[in-house]
Every structure is written in C-alpha cells, then in structure tokens.
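The sequence shown begins at 4 in the working numbering and counts up one residue at a time. Note that CB positions come from ideal geometry on N, CA and C, so glycine has one too.
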Amino acid sequence: MKKIFCFLLCLTLFICPIKTFGVSDSARSAVVMDATSGKVLYNNNGSARLSMASTTKIMTALILCESGDLSREITVTPEMVYVEGTSMGLKVGMKITLEDLLYGMLLSSGNDAANATAIALGKTVDNFVSMMNSKAKELGLSNTHFETPSGLDGESHYTTAYDLACLTRYALNNETFYKACSTESVTLEYDGKKVYLSNHNRLLKTYEGAIGVKTGFTKKSGRCLVSAAERGKARIIAVTLNDGNDWQDHTSMLDYGFSLVDSQQSFEEEIYKIPVFSGENSYIEVKTKPIEFSVPSGEKIIKKECIYPYTFAPVKKGDTLGYVEYTCNSFTVARQNLVAENDVEALRYDSFLLRLKNSFLLIFRNI
Numbered sequence: 004m005k006k007i008f009c010f011l012l013c014l015t016l017f018i019c020p021i022k023t024f025g026v027s028d029s030a031r032s033a034v035v036m037d038a039t040s041g042k043v044l045y046n047n048n049g050s051a052r053l054s055m056a057s058t059t060k061i062m063t064a065l066i067l068c069e070s071g072d073l074s075r076e077i078t079v080t081p082e083m084v085y086v087e088g089t090s091m092g093l094k095v096g097m098k099i100t101l102e103d104l105l106y107g108m109l110l111s112s113g114n115d116a117a118n119a120t121a122i123a124l125g126k127t128v129d130n131f132v133s134m135m136n137s138k139a140k141e142l143g144l145s146n147t148h149f150e151t152p153s154g155l156d157g158e159s160h161y162t163t164a165y166d167l168a169c170l171t172r173y174a175l176n177n178e179t180f181y182k183a184c185s186t187e188s189v190t191l192e193y194d195g196k197k198v199y200l201s202n203h204n205r206l207l208k209t210y211e212g213a214i215g216v217k218t219g220f221t222k223k224s225g226r227c228l229v230s231a232a233e234r235g236k237a238r239i240i241a242v243t244l245n246d247g248n249d250w251q252d253h254t255s256m257l258d259y260g261f262s263l264v265d266s267q268q269s270f271e272e273e274i275y276k277i278p279v280f281s282g283e284n285s286y287i288e289v290k291t292k293p294i295e296f297s298v299p300s301g302e303k304i305i306k307k308e309c310i311y312p313y314t315f316a317p318v319k320k321g322d323t324l325g326y327v328e329y330t331c332n333s334f335t336v337a338r339q340n341l342v343a344e345n346d347v348e349a350l351r352y353d354s355f356l357l358r359l360k361n362s363f364l365l366i367f368r369n370i
C-alpha cells in the first residue's frame, strides 16, 4: 500500500510540479531580480519577446531624466497631443515643464506626456524613438526594440521581462527617476491651474517598501507590470508581461526575492590624504561614509577608488577630489564623491619661495 501511495505521489508531482512560490499561471513571462547584484532570482519565460504597453515609458522617462534641465518649459503643439489612449490632460498651447511631463508619464501614464517629451527632446517622435533604441543598445538590452515613446502597440515594439528588469535596475539609480516613480500622488501647477495626479501603481499603498515602478495595458500586451521594493539595504525588482493576476503575483514575487537576499556586506569609513602643492597645508583629507549592502549568497561587492594623486591650492571646502564606486558584476550600485573637508589657502609668494628654497637645500644635502 505504501509503494502505491509513493508511486501516486511521485506521479502527481511529475504531472503537477510544485511552484517555488505563488505566481499564477496567468503570467506569460516573469522575472525577479536582485537590483544590487543583478542576479535573476526567478525566471519564467523571461527571454520571450512580448509587447510591453506603457512600461515603455520607463525608457522614455529615463531619457528625459538624463536630458538635463527639467525645469525647461515647453509649449504643447498639436503633434504632441495627437495620440490615443491614456492622457494627463495636455492641450494645444499649454505651457508645461519637462519635470511635469515626467510625473504625467510615470503617475498618470499619459501618452500625451510621452509624445510631448519625445518631440521636445527629439524634435520628432521618430528621432526620439531612435534615441530610445540607441539607449537600449548602450544598456545591452539585446531583445528590446521600440516603435513608440508611449507604449502603443507596433509590429516591432517589444521587450522581455529580463530586459525590463535590467532597464529598471539602471533607471532606479537615477535620483530624479526614483523620486518620480515612487511618488503616490502629486499636485502640479501649470497653465495657471492646479492638477492632481495619482499613481496607477497600487503596490505603493499595499506593499511594504514599494518604490514603483510602472503599469501598462493594451489589448495586445495584456496587463504588464514592473515593480520594485526596498527593505533595509535590499532592493528587489519584479516584472510580469501579460499577467491578469499581476498585483497578487508581484506581492509573492517581491516576498520571494527578499527571502533570498541574506548576505550582508559593509564598508567602514576610510580617510585619504591628498598632497596639496603650493598650499598652506601640505595635504588635505577626504573620506568615505560607512555603507552597507544586502545581496544574495555568493555575490560580492567590489570597492573601486578613483582619487586625485595630488591637487593645487587653493582648495575650497566641498571641492570634489575623486570618488569611490561600489560595483557588483561590473554594475555600479553606489558611488560616493570624495570632497574636501576644509579650505587650503595658497601660499603667499614669499612663503612659496622660502619653501622652494628649503626643498632644494634638502635635496643638495642628500647628494
């Protein structure tokens, strides 16, 4: 009887394999990634090329965040609002800043905001799409191709869950992008009116530590969702494409990701002395702040120092004299600028000559 029971149990497990955690069968593609190391913690058809709806706006918003002055004001043209789908309510002739367009994209998922961004930065939508594809190539997103800045479907508009996770990992290192995508609601003021925008991402209210990132839906793509959350020093990214049960799935996926981040690495404060030529002091101190990371077992953070070998007076407090980067698998996960702790004034001319004379005397004595 025991043998029969064991046989039936094994047969059941073979036919209906147990899932690692509770992700529904509704997701055509899913990936969980540790954002610090880039390690994929869960992969279900993550390399399948699929349409991605408004998660496209992650790339559009990223290019906007890296473009420079977001306080620049533009005037809305007919071409900017000539787009179907979701809208932040732009009208022809309206004046609005690039920063407001960023929030219109990431909170309201405005296709008009995406189109306006594309034309403001690329002159035409086609030019901006070329910029998007160039950025994708730069980031190594080999299974991604864009046709629109908003996420409306196209014949060759596609990505993968894995590529979206990689894109999001990079984008979240941009402070402006991070702040916008993690905002639950905002009141903007443009064209003489106050406009209230609420984020479509319900996880910001229901999941502990949620920080975004972007929702999406079209009939072709189905429900698409990119989420991210932080707990302590750990950051997890979850992506599903064409998933009718995405909110519940992402809760399970993020929980699963955090359960695997169990390795702590820390770096203590370190002080560096940089020689100063022709200054009242012969060196100046810069230092790092203590920093900690949480990563999956087996992953390692590497500290890379890039420090000025010397500098010239005068040096002002706050001057940047190098930086320290922390990388994991060749990806920069944190960076600290090394700044002067105090001023170093330049030597007066007579003091400089005296020091130069003493240096020569010292050299000749040792010959």
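Next item on the list: Look up K217 in the DSSP assignment and give the residues it is bridged to.
Entry: Your numbering for residue 217 matches position 214 in the sequence shown. According to DSSP, which records beta bridges pairwise, K217 is partnered with V229.
Notebook entry, point to check: Measuring CB to CB, does R329 end up less than 9 Å from I304?
Noted result: In the sequence shown, counting from the first residue as 1, residue 329 sits at position 326. In the sequence shown, counting from the first residue as 1, residue 304 sits at position 301. Reading the sequence as shown, one finds Tyr at residue 329 and not Arg. Cβ distance < 9 Å, so Y329 and I304 count as in contact.
Check: Going by beta carbon distance, what residues of the same chain come within less than 7 Å of T171, once the five residues before and after it are set aside?
Finding: The residue given as residue 171 occupies position 168 in the sequence shown. Contacts found: I61, V216, V229, A231, I240.
Checklist line | Cβ shell of N202 (< 6 Å), same chain only, five flanking positions each side left out | finding: Within the sequence shown, residue 202 is the residue found at index 199, counting from 1. Excluding sequence neighbours, N202 sits near L110, E187.
Item checked: Sequence-distant residues of the same chain with beta carbon closer than 6 Å to F334, five excluded per side -> In the sequence shown, counting from the first residue as 1, residue 334 sits at position 331. Result list for F334: G41, in chain order.
Checklist line | Pairwise C-alpha distance: T100 and M134 | finding: Numbered from its first residue, the sequence shown carries residue 134 at position 131. Numbered from its first residue, the sequence shown carries residue 100 at position 97. The straight-line gap from Cα to Cα measures roughly 21 Å.
Note to self: So the candidates are T63, P299, D249, D156; which of them puts its Cα closest to the Cα of A119?
What the structure shows: Within the sequence shown, the letter at position 116 stands for residue 119. Taking only the C-alpha atoms, the option nearest A119 is T63.
Checklist line | Which residues DSSP lists as bridging C68, in chain order | finding: For the purposes of this step, residue 68 is taken as the residue at position 65 of the sequence shown. In DSSP, C68 forms no bridge with anything.
Next item on the list: Below 6 Å CB to CB, which residues in the same chain sit around N345 once its five sequence neighbours on both sides are set aside?
Entry: Counting from one through the sequence shown, the residue named residue 345 turns up at place 342. Within the same chain, N345 has close Cβ partners K320.
Check: Starting from P317 and walking both ways along the alpha helix (DSSP H), at which residues does that stretch end?
Finding: Translated into the one-based positions of the sequence shown, residue 317 becomes position 314. No alpha helix (DSSP H) contains P317, which DSSP labels as neither H nor E.
Checklist line | DSSP three-state assignment for I99, whether helix, strand or coil | finding: Within the sequence shown, numbered from 1, the residue matching residue 99 stands at position 96. Strand.
Check: Can you tell me where the alpha helix (DSSP H) with E178 in it begins and where it stops?
Finding: By one-based count along the sequence shown, residue 178 stands at place 175. Taken as a continuous stretch (DSSP letters only), the alpha helix (DSSP H) holding E178 covers 178 to 184.
Next item on the list: Report the residue ranges of all alpha helix (DSSP H) runs contained in full by the segment 71 to 144; include only those spanning at least 4 residues, in chain order.
Entry: 81 to 84, 101 to 109, 114 to 125, 128 to 141
Checklist line | 7 Å Cβ shell around F180 - same chain, five flanking residues per side excluded | finding: Numbered from its first residue, the sequence shown carries residue 180 at position 177. Excluding positions up to five away in sequence, the list reads A64, L65, C68, A174.
Next item on the list: Indicate the three-state DSSP secondary structure (helix, strand or coil) for A51 in the structure shown.
Entry: For the purposes of this step, residue 51 is taken as residue 48 along the sequence shown, with counting starting at 1. If DSSP states are grouped into helix, strand and coil, A51 belongs with coil.
Check: Apart from the five residues just before and just after T190, which ones in its own chain have a Cβ nearer than 6 Å to its Cβ?
Finding: Looking up residue 190 in the sequence shown gives position 187. If we look at T190 and ignore the five residues flanking it on each side, its Cβ neighbours are K197, Y199.
Checklist line | Three CB pairs or more closer than 8 Å across the segment 286 to 305 and the segment 240 to 258 | finding: no
Margin query: According to DSSP, P278 sits in a beta bridge with which residue or residues?
Written below: Position 275 of the sequence shown, counting from 1, holds the residue named residue 278. Per DSSP, Y286.
Check: Secondary structure at F261, three-state DSSP: helix, strand or coil?
Finding: As a first step, residue 261 is located in the sequence shown; it is residue number 258 there, counting from the start. Three-state result, F261: helix.
Checklist line | Proximity below 9 Å, CB of L350 to CB of L324 | finding: As a position in the sequence shown, residue 350 is number 347, starting the count at 1. As a position in the sequence shown, residue 324 is number 321, starting the count at 1. No.
Check: Exposed or buried, I274, counting other C-beta atoms within 10 Å across all chains shown (16 or more means buried)?
Finding: To locate residue 274, count along the sequence shown from 1; it is residue 271. I274 is exposed by the Cβ-count criterion.
Checklist line | Whole-angstrom C-beta distance between N48 and S74, which should lie under 8 Å | finding: Within the sequence shown, the letter at position 71 stands for residue 74. Within the sequence shown, the letter at position 45 stands for residue 48. No, S74 and N48 are not in contact; Cβ-Cβ is about 42 Å, not under 8 Å.
Item checked: Segment contact flag, the segment 266 to 286 with the segment 204 to 214, C-beta cutoff 8 Å, min 3 pairs -> no
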